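Line by line, the protein sequences are chains A and B.
Numbering follows numbering that gives the first Met the number 0, in which position 221 of the first sequence is assigned residue number 220; successive positions increment by one, without gaps.
Numbering follows numbering that gives the first Met the number 0, in which position 48 of the second sequence is assigned residue number 47; successive positions increment by one, without gaps.
Glycine residues also receive a C-beta, built at the ideal position from the N, C-alpha and C atoms.
The structure presented is a predicted model; accordingly, all values stated were derived computationally and were not measured.
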Amino acid sequence: MSYSVTESSKRQKWVAGALVILYAVITLVPLGWIMITGFKTPPDSISYPPKVLFEPSLEGYVNLFTTRTRVSKETLESLPPPDNFAEEIVRNRDMVIAGPSKFGQRFMISVIIGFGSTFLSVFLGTLAAYAFSRFKIPLADDLLFFILSTRMMPPIAVAIPIFLMYRNLGLSDTHLGMILLYTAVNISLAVWLLKGFIDEIPREYEDAALIDGYTRFQAFYKVVLPQAATGIASTAIFCLIFSWNEYAFAVLLTSGTAQTAPPFIPTIIGVGGLDWPAVAAGATLFLIPVMIFTIMLRKHLLRGITFGAVRK
Amino acid sequence: MSEKTVDRVAGATPVRIARKIRGLSDRAIAWIFVGPTIFLLLAINIFPLIWTVNLSFTNFKANRINRAVEYVGTRNYERILNDPDVWLSMQATAHFLFWTIFFQVLIGFTLAWLINKKFRGNDLWTTIIVLPMMLPPAVVGNFWTFLYQPQIGLFNYVVAFLTGRDPSSFEMLGSVDLAPWSIVIVDTWMWTPFVMLICLAGMRSIPDYIYEAAEIDRASKLRQFFTITVPMVLPFLMLAVLFRGIENFKMFDLVVQLTGGGPGSTTELASIHLKREAFEKWRTGYSSAIAIVLFVTVFGLASIYVKALNKVKER
């Protein structure tokens, strides 16, 4: 029987596993609570003691996507019977649906700004990373450090002049303004991560292509890019998650047409304070894409969160 | 004459090579590739930073554009030194930084050590544990205010259940004593996986033969832990602390949603204080000076720390 000193004993493994699973379960409770609160009715959500077993309801989701007005009993009775489940849920609370809420719109803005800035930062980042990886650039280390150091600034510190600058340029509260801003924040991550990925591609491939008569640009486009595809994809997901999660710039620089969902979700107000099931429903819809991306990224997660400093 | 030579050479050159000559030089490509990135960073990061420096010497107020702007010399900076609010926000930041890093290192390292026992399914559980750190802090912070509700909140209920206290007898977010800890708890919940992942990478980078050699020398497991595992993981751990330190020094979104800096100004971290000065009181000049002081502090502390980190790495 083979014996290894670094292999832990069965009992140790069992205890370690149990403790880690315990931690994982505890850490999941707040997330699970968000998700189930989205399916509670408002009274259930604020009951004491907190309800684990309850009758699921879509009221939170209906409230999330609609605005409602309270009507008198007589008006309610004079209306034709509700034609869909959403109307029925709302009528039970003596209200009628007045129109769609802003959530769908804010969600779309998040998608547009997220994808726009991700595309731009990965595009620019790939070019810069390739140049840093393959060419002799004067003061390359200083430039790379400069690119990284832009990440150390508190967002609020640059928000003041950006606020003024955008006001002068007419970029405040526009999609383009936010896309450019998030690109500027993400590009340091993109350059550092992609440089690591491109460094790992052997130079010999390109050299062979150059000898075969490819131009430098063709070699980059036809040889390096396909090789770096995984790296580019995971960098893109990191950029997307950042833009998706960003709050400080969004809340300070936008108010309407370009405001993403994070500043909006906390402002969902119901009757008499926050409508927690609606907030939870919005949070759930907003969190799920990030969770899926995290699971997709798990192999490159460490690299992404440390700007490529730690590679597994 | 010379043009004719060129033409002749060009005509005689195979198409492949000619195309290469016509293509851009590597040097030109390098600048074309790097240029846009540098330009964007100059326009959206460095230019605003210089503007902030400039504003910090004025009495400018962004909500009154028509008022004449005067240069006031270093008055804004002198005011910072005597402003008790700035010092309070620095104290709140220090408390937040110290305790979040303390708990995250303690729990993160322990978890990494346990996961490194390689029990079955450890990859799956690692992925699950990592989830909170990728989520939008503002949305998570907002939802934690629900968990922290006195009486109806799940957090209060669980604490009450475990300690036998009345769940409405304490307010995590509303009381001056507990609010600084409520933000530490949420940040620790979110970011412990980060420290864990980095420690785990450190532990996995230690080759087995070092432990085997220690075993042959009959070093006890405890001794192996303190003379092999801890020193080899230390550079990784220090890197994790650097990242968490910078991030938490800038902390804004999570805490703004949780407490908004309150009650009073007990959880008013540096960034939140700055936001209040800049976008609520509209003291643009003064807040620019605070921003510069913060930036210089982060940059200075990070540089000193990186020097220490490099020394540990060299050892």
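Residue burial classification, B:R282 (beta-carbon count within 10 angstroms, cutoff 16) = The count along the second sequence starts at 1 and reaches residue 282 of chain B at position 283. So B:R282 ends up on the buried side.
Under the three-state DSSP convention, the category A:P99 falls into = On the first sequence, position 100 is the one that residue 99 of chain A refers to. Strand.
With a CB to CB cut of under 7 Å and the five nearest residues on each side skipped, what residues in its chain are close to B:S55?
-> Here residue 55 of chain B is taken as the residue at index 56 of the second sequence, counted from 1. Excluding sequence neighbours, B:S55 sits near N75, G284, S287, A288, I291.
Can you tell which of B:I245, B:S24, B:S204, B:E276 has the C-alpha that lies nearest to the C-alpha of A:S148?
-> On the first sequence, residue 148 of chain A is found 149 positions in, with the first residue counted as 1. Per the Cα distances, B:I245.
Give a yes or no on whether the C-beta atoms belonging to A:I197 and A:Y246 are separated by under 8 Å.
-> Looking up residue 197 of chain A in the first sequence gives position 198. Looking up residue 246 of chain A in the first sequence gives position 247. Contact: no.
Listed from N- to C-terminal order along the chain, which residues in the segment 61-74 of chain B have their beta-carbon within a distance smaller than 8 Å of any beta-carbon of chain A?
-> A61
Helix, strand or coil at B:I227 according to DSSP, with G and I counted as helix = Looking up residue 227 of chain B in the second sequence gives position 228. Three-state result, B:I227: helix.
Beta-carbon proximity of A:A249 to A:P261, cut-off 8 Å = The residue you call residue 249 of chain A lines up with position 250 of the first sequence. The residue you call residue 261 of chain A lines up with position 262 of the first sequence. Yes, the pair counts as a contact, with Cβ atoms nearer than the cut-off.
Name, please, each residue of chain A whose Cβ falls closer than 9 Å to the Cβ of B:V297.
-> As a first step, residue 297 of chain B must be located in the second sequence, where it is residue number 298. Chain A residues near B:V297: M151, M152, P153.
State the start and end residues of the unbroken alpha helix (DSSP H) segment that holds A:T182.
-> Within the first sequence, the letter at position 183 stands for residue 182 of chain A. Start and end: 174-198.
Look at the Cβ atom of A:L252, then the Cβ atom of A:I161, and state whether they are nearer than 8 Å.
-> Your numbering for residue 252 of chain A matches position 253 in the first sequence. Your numbering for residue 161 of chain A matches position 162 in the first sequence. Yes, the Cβ-Cβ distance between A:L252 and A:I161 is below 8 Å.
Considering B:T187, what are the terminal residues of the alpha helix (DSSP H) in which it resides?
-> Here residue 187 of chain B is taken as the residue at index 188 of the second sequence, counted from 1. Its alpha helix (DSSP H) spans residues 178-203.
May I have the straight-line CA-CA distance separating B:F242 from B:P234, to the nearest angstrom?
-> Here residue 242 of chain B is taken as the residue at index 243 of the second sequence, counted from 1. Here residue 234 of chain B is taken as the residue at index 235 of the second sequence, counted from 1. Approximately 13 Å between the Cα atoms of the pair.
Would you kindly work out how many angstroms separate the C-alpha atoms of B:P192 and B:G260, rounded to a whole number?
-> Here residue 192 of chain B is taken as the residue at index 193 of the second sequence, counted from 1. Here residue 260 of chain B is taken as the residue at index 261 of the second sequence, counted from 1. The straight-line gap from Cα to Cα measures roughly 25 Å.
So, using beta-carbon positions, are B:T266 and B:P135 closer together than 8 Å?
-> On the second sequence, residue 266 of chain B is found 267 positions in, with the first residue counted as 1. On the second sequence, residue 135 of chain B is found 136 positions in, with the first residue counted as 1. No, the pair does not count as a contact, with Cβ atoms beyond the cut-off.
Are the C-beta atoms of A:K221 and some chain B residue less than 8 Å apart?
-> Along the first sequence, one-based indexing puts residue 221 of chain A at 222. Chain B, which has no Cβ nearer than 8 Å to the Cβ of A:K221, makes this no.
Within the 8 Å Cβ cut-off, does A:Q11 reach chain B?
-> Counting from one through the first sequence, the residue named residue 11 of chain A turns up at place 12. Cβ-Cβ to chain B under 8 Å: yes for A:Q11.
When B:F101, B:A269, B:L130 are compared against A:V24, the one with the closest alpha-carbon = Stepping through the first sequence from its first residue, residue 24 of chain A is reached at position 25. Of the candidates B:F101, B:A269, B:L130, the one whose C-alpha sits nearest the C-alpha of A:V24 is B:L130.
Could you please give me the residues that DSSP links to A:L273 through a beta bridge?
-> Start at 1 with the first residue of the first sequence, and residue 273 of chain A comes out as number 274. Looking at the DSSP assignment, A:L273 forms a beta bridge with A:I268.
Where B:S287 meets chain E, residues with beta-carbon distance less than 9 Å | Among the protein chains in the structure shown, which are A and B, there is no chain E.
Contact check, A:V289 vs A:W243, beta carbons under 8 Å | Against the first sequence, residue 289 of chain A aligns to sequence position 290. Against the first sequence, residue 243 of chain A aligns to sequence position 244. Result yes, Cβ atoms of A:V289 and A:W243 sit closer than 8 Å.
Note down, in chain order, every chain A residue with its Cβ under 8 Å from the Cβ of B:N44.
-> Mapped onto the second sequence, residue 44 of chain B falls at position 45. Result: T149, M152, V157, A183.
So is B:L172 in contact with chain A if we call contact Cβ pairs under 8 Å?
-> Mapped onto the second sequence, residue 172 of chain B falls at position 173. No, B:L172 does not count as interfacial toward chain A.
With A:R166 as the anchor, note down where its alpha helix (DSSP H) starts and where it stops.
-> The residue given as residue 166 of chain A occupies position 167 in the first sequence. Where A:R166 is concerned, the enclosing alpha helix (DSSP H) stretches over 154-168.
In whole angstroms, what separates the C-alpha of B:V255 from that of B:A137?
-> Numbered from 1 along the second sequence, position 256 holds the residue referred to as residue 255 of chain B. Numbered from 1 along the second sequence, position 138 holds the residue referred to as residue 137 of chain B. Distance between the alpha carbons of B:V255 and B:A137 is about 8 Å.
Of all Cβ atoms in chain A, is any one closer than 8 Å to the Cβ of B:L87?
-> Taking the first residue of the second sequence as 1, we reach residue 87 of chain B at position 88. No, B:L87 does not count as interfacial toward chain A.
With a 10 Å radius around its C-beta and 16 neighbouring C-beta atoms as the bar for buried, classify B:Y70 as buried or exposed.
-> Along the second sequence, one-based indexing puts residue 70 of chain B at 71. Label assigned to B:Y70: exposed.
Return no unless some Cβ of chain B is closer than 8 Å to the Cβ of A:M164.
-> Taking the first sequence and counting its residues from 1, the one referred to as residue 164 of chain A is at position 165. Chain B, which has a Cβ nearer than 8 Å to the Cβ of A:M164, makes this yes.
Would you tell me roughly how many angstroms separate the C-alpha atoms of A:D82 and A:A97, rounded to the nearest one?
-> Indexing the first sequence from 1 puts residue 82 of chain A at position 83. Indexing the first sequence from 1 puts residue 97 of chain A at position 98. Near 15 Å, if we compare the C-alpha coordinates of A:A97 and A:D82.
Between A:S7 and chain B, is there a C-beta pair that is closer than 8 Å?
-> Residue 7 of chain A sits at position 8 when you count from the first residue of the first sequence. Closer than 8 Å: yes.
Can you tell me the Cβ-Cβ gap for A:V223 and A:I186, rounded? I've got them flagged as a contact below 8 Å.
-> Position 224 of the first sequence, counted from the start, is the residue given in the question as residue 223 of chain A. Position 187 of the first sequence, counted from the start, is the residue given in the question as residue 186 of chain A. Contact flag wrong, Cβ pair sits at about 19 Å.
Alpha carbon to alpha carbon, how far is A:M0 from A:K9?
-> Indexing the first sequence from 1 puts residue 0 of chain A at position 1. Indexing the first sequence from 1 puts residue 9 of chain A at position 10. Annotation note: pLDDT 41 at A:M0 (below 50); position unreliable, coordinate value reported separately. C-alpha separation (whole angstroms): 15 Å.
Run the CB neighbour count on A:D274, radius 10 Å, all protein chains shown included, and call it buried at 16 or more, exposed below.
-> Taking the first sequence and counting its residues from 1, the one referred to as residue 274 of chain A is at position 275. Classification of A:D274: buried, given that the 10 Å Cβ count is 16 or more.
Rounded C-alpha distance that separates B:Q148 from A:Y47 = Counting from 1 along the second sequence, the entry for residue 148 of chain B is found at position 149. Counting from 1 along the first sequence, the entry for residue 47 of chain A is found at position 48. Near 11 Å, if we compare the C-alpha coordinates of A:Y47 and B:Q148.
Return the chain-ordered list of same chain residues with a C-beta closer than 8 Å to the C-beta of B:I215, the five sequence neighbours on each side being excluded.
-> Translated into positions along the second sequence, residue 215 of chain B becomes position 216. Excluding positions up to five away in sequence, the list is empty.
Since A:F102 and A:G281 are thought to touch, with beta carbons under 8 Å apart, how far apart are those beta carbons, to the nearest angstrom?
-> Residue numbering aside, residue 102 of chain A sits at position 103 when the first sequence is read from its first letter. Residue numbering aside, residue 281 of chain A sits at position 282 when the first sequence is read from its first letter. That belief holds up - the Cβ atoms of A:F102 and A:G281 are roughly 6 Å apart, short of 8 Å.
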